[in-house]
Structure formats: C-alpha cells, structure tokens
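Asks: Chains as they are written, first to last, in the numbering used here: chain P, 2 to 221; chain C, 218 to 380.
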C-alpha cells in the first residue's frame, strides 16, 4: 500500500543524519541576503551618498561661481535625505517575527509607499535639477562675466528685435518651460522604470504572495 | 553572534530550520545560505521574542518569513524569485536526504506556491489549524480546506513522478 505523505515525513526524519545542521561560516561578518536587509543597506548607502552630495555641492558651486546652482540643489537633496531617512526608519520597524501575513503586508506596504513616493518625487526632482543647472550657468560668473548676459548680448547683436522677458529671450523661456514639462511628465516614469528594473522581481513576488494570503485569509 | 546563543537557543531547534529551508531551496549552496540567514535573523530579532508563544513557534514563524523573502542566487534563478516553475530535472538538490521517499516528497513540495509550502510544512510538523493560522496570519477556518487541496496536489505530483 502507498505511504501517506504524513508517514513519508515522519519516517524520513527518523534518521538523524537527515537533520544535520550545516556549519556556520563566520556568521557575524556575513552579508545578509535577506531583502529587507538588502533594502536597508542600499538605502543607507544611497542616503549617505545624497547627503555627501548635498553638502559638497555648496563649496563646489561657490568655487565654480555658480551659487544659483549649488544652493537650490543642496536644499533639494537635503529634502530628499530627510524623506529617505523617514522611509528607512519605517523599514527598520518591520518586525521579522510577526506572523507571515503581517510581515509580508508590512514589507509590501513599505515597498509600495516607497515606489509611490519615488515616482512623485522624480516628477519634481528632474525638472528642479534642470532648472538649478540652467540658473547656475545663466547667473554664474566666468572671468567676471555673467554667461547669461554675454549670451543675450551676442544674440541681440544678431537679432535686435528679439522679445525679452526680464532680460531673457522669450524663446529660451519657452524652451526651458517645454523641457521642464517633459521632465515632469517623464520624471515619474523614469523613476518608476529605474525601481522596476532593480526590484521588479521582488515586487511581483510580493504581490503574488499577498494575493494568495488574502485569499487564504478571507472567510469561506 | 555568540556561539553560546547558537548552541543553546538555535541548535536544538535546527531541525525546524532545516526542514523549512530545504523546502525553499534547490541546491545545497542555497540551503546553507538560507540556514545561515535564518540563524542570523533569529539572532538579530531575539530581543523581540515576547514569550507570548513558544520559542519553537517563534522560530517557525521567523524561518518561514525569512525563507519567503530571501534573495536566491542568480546562478539557479535568473528571475531571483521564480523558483516555482523550475522543472524537476533542474533541481540539483533532489537527493538531500537518505530516504528516497522523503526526497520525492520534498521535490513535490517545491512545486507548490510559497504560501502552500508554508501551510503543508506546518501541517506535517503536526501543528494544529489554529497554530498554522497563527503562524501564517490567516483564517483558521480555511486552513483545513487548503490542506486537503494541497495534499491532493502533492499526491498527484508524487504519482506522476513515480510513473
């Protein structure tokens, strides 16, 4: 007669050699392969990198005579650091020893919140970076000259009837607005695409497990 | 991690971790990584143990959660997570145990979804429906029906594999 799965399980584990624990190798110094830890580690590295950039961009822009680029960029990236720390703290609070449903839903919620936030932030981040760079070059100082003024003067020599708004050619303002609109429109998608490229597999697996858990949780 | 903690608090419960990790891995290398990771997470979370449940139940919970959310090695799983669909011939570690029937049962278990694997492992470990529901965080009323379905599926897989 065929053995039941319960019997196979019991008899299979009667032999002690079936349950010999593998040797642990320098456990304390091992890098975790757990995704929560991986996210935490990557997040920490990202936050540190952005924080360093938000600090060094100030003296860098000062020495390159582009304070109009450095100051807004420093503020922007400080805001990014602030929100990233808040997200990291939320991730730290995820309790591995919760029941599986709670654990997976906490992690799933965190991932979803992070993706949504990143998408929203990217919509503002890319246009803001572009604007800061344009302002930095336009109002900067190279050899005592202001590049924006030099550029406008050279344009006026060739096109004296050019329409200016606050000393800036209207066509350039329109071009910048167009660029900002494009970056705002695609910024979210670029951010989303970037996250999907790295974490798409994890997100899909979590979604699948969550829907299975929900199904099991729903009363029959 | 102190070797004392490992020897006194983890090693006596190693069979639980081994049984769970085997169900979520396909190679000896992955198995050892998972085992190591579960031990590491137990050690990291040890202060969160509230003694509301048994230490062994807590280990089941943690080992399952860690196994459900681990990163697999690219070598075996280019999609990182899509191990469910691995054909049996690609499962390198189908002779992990001396008992051939147990190996076949594990191969069959590995063809189930991650959640179903958790349910059946706890059932085979003689956990009550209430305990299973508590560890997984689901409705105990649905566990019985689910187990019945999983057992039928396992029987079908085992019969097919034995043909």
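The C-beta atom is built at its ideal place from N, Cα and C for all residues, glycine as well.
Beta carbon of residue 33(P): closer than 6 angstroms to some heavy atom of the ligand COA?
Replies: Because no ligand of any kind appears in the structure shown, any question about the ligand COA cannot be addressed here.
Asks: Using a Cβ-Cβ cut-off of less than 8 angstroms, give me the residues of the segment 66-77 of chain P that come near chain C, in sequence order.
Replies: none
Asks: Considering only the alpha carbon of each residue, which of 267(C), 263(C), 313(C) lies closest to residue 244(C)?
Replies: 313(C)
Asks: Taking Cβ-Cβ distances below 9 angstroms as the criterion, which residues of the segment 25-44 of chain P are in contact with chain C?
Replies: 25, 26, 28, 29, 31, 33, 34, 35, 36, 37, 38, 39
Asks: For residue 348(C) and residue 359(C), what's the separation of their Cα atoms in angstroms?
Replies: 13 angstroms
Asks: Looking at the structure shown, is residue 357(C) part of a helix, part of a strand, or coil, going by DSSP?
Replies: helix
Asks: Between residue 198(P) and residue 77(P), what straight-line distance do the alpha-carbon atoms span, to the nearest angstrom?
Replies: 25 angstroms
Asks: What residues in its chain sit with their C-beta under 8 angstroms from that of residue 72(P), if we drop five residues either side in the sequence?
Replies: 59, 62
Asks: I'd like to know if the segment 213-220 of chain P and the segment 160-171 of chain P are in contact, where contact means that at least 3 CB-CB pairs between them fall below 8 angstroms.
Replies: no
Asks: So with CB distances below 8 angstroms, who are the chain C contacts of residue 91(P)?
Replies: Here the premise fails: no neighbours, minimum Cβ distance about 16 angstroms.
Asks: Going by the DSSP bridge assignment, what does residue 146(P) pair with across the sheet?
Replies: 143(P)
Asks: Got a sec: is the Cβ-Cβ distance from residue 200(P) to anything in chain C below 7 angstroms?
Replies: Not an interface residue.
Asks: What does residue 319(C) pair with, by DSSP beta-bridge criteria?
Replies: Residue 319(C) pairs with nothing; no bridge assigned.
Asks: Alpha carbon to alpha carbon, how far is residue 64(P) from residue 153(P)? Give it in angstroms, no decimals.
Replies: 24 angstroms
Asks: Pull up the distance between the alpha-carbon of residue 328(C) and that of residue 176(P), whole angstroms please.
Replies: 57 angstroms
Asks: Within 10 Å of its beta-carbon, does residue 139(P) have 16 or more other beta-carbons around it, so buried, or fewer, so exposed?
Replies: buried
Asks: Drop a sphere of 10 angstroms on the beta-carbon of residue 128(P), count the other beta-carbons inside from all chains shown, and report buried for 16 or more, exposed for fewer.
Replies: Residue 128(P) is buried by the Cβ-count criterion.
Asks: Report buried or exposed for residue 321(C), applying the criterion of at least 16 other Cβ atoms within 10 angstroms of its Cβ.
Replies: buried
Asks: In whole angstroms, give me the CA-to-CA distance for residue 375(C) and residue 203(P).
Replies: 30 angstroms
Asks: Take every Cβ of the segment 246-261 of chain C, pair it with every Cβ of the segment 274-284 of chain C, and state whether three or more of those distances are shorter than 8 angstroms.
Replies: yes
Asks: Helix or strand or just coil, what does DSSP make of residue 51(P)?
Replies: helix
Asks: In chain order, which continuous runs of the alpha helix (DSSP H) of length 4 or greater are located wholly inside the segment 50-122 of chain P?
Replies: Runs of alpha helix (DSSP H) with 4 or more residues, each lying fully within the segment 50-122 of chain P, are found at 68-93, listed in chain order.
Asks: Could you compute how far the alpha carbon of residue 130(P) sits from the alpha carbon of residue 28(P)?
Replies: 43 angstroms
Asks: Measure the Cβ-Cβ separation of residue 336(C) and residue 366(C) and say whether it is below 7 angstroms.
Replies: no
Asks: Please name the residues in the segment 83-108 of chain P whose beta-carbon is closer than 8 angstroms to at least one beta-carbon of chain C, in chain order.
Replies: 96, 97, 98, 99, 100, 101, 102, 103, 104, 105, 108
Asks: Using CA atoms only, rank isn't needed, just tell me which of 170(P), 34(P), 206(P), 171(P) is closest to residue 258(C).
Replies: Relative to the Cα of residue 258(C), the nearest Cα in the group 170(P), 34(P), 206(P), 171(P) belongs to 34(P).
Asks: In chain C, which residues lie with their C-beta within 9 angstroms of the C-beta of residue 115(P)?
Replies: Near residue 115(P) there are no residues of chain C at all, since even the closest Cβ is about 15 angstroms away, more than 9 angstroms.
Asks: Is any beta-carbon of chain C found at less than 7 angstroms from that of residue 22(P)?
Replies: Chain C, which has a Cβ nearer than 7 angstroms to the Cβ of residue 22(P), makes this yes.
Asks: Under 8 angstroms between beta-carbons, which chain P residues line up against residue 394(C)? List them in chain order, please.
Replies: Because chain C in this structure spans residues 218 to 380, residue 394(C) falls outside the shown range and cannot be described.
Asks: Counting along the chain, where does the alpha helix (DSSP H) carrying residue 174(P) start and finish?
Replies: Looking at the DSSP string, the run of the alpha helix (DSSP H) that includes residue 174(P) is 171-218.
Asks: Please list the residues of the segment 323-355 of chain C that have a C-beta atom closer than 7 angstroms to any C-beta atom in chain P, keeping them in chain order.
Replies: 330, 331, 332, 335, 341, 351, 352, 353, 354, 355
Asks: Using a Cβ cut-off of 7 angstroms, which residues of the segment 137-167 of chain P contact any Cβ in chain C, in chain order?
Replies: none
Asks: Using CA atoms only, rank isn't needed, just tell me which of 187(P), 155(P), 213(P), 134(P) is closest to residue 66(P).
Replies: Checking every option, the nearest Cα to that of residue 66(P) belongs to 134(P).
Asks: Please confirm whether residue 218(P) has its beta-carbon closer than 7 angstroms to some beta-carbon of chain C.
Replies: Output row for residue 218(P): interface = yes.
Asks: Touching or not, the segment 111-119 of chain P and the segment 179-198 of chain P, by the rule of three or more beta carbon pairs under 8 angstroms?
Replies: yes
Asks: By the DSSP assignment, the alpha helix (DSSP H) with residue 332(C) in it spans what residues?
Replies: 331-341
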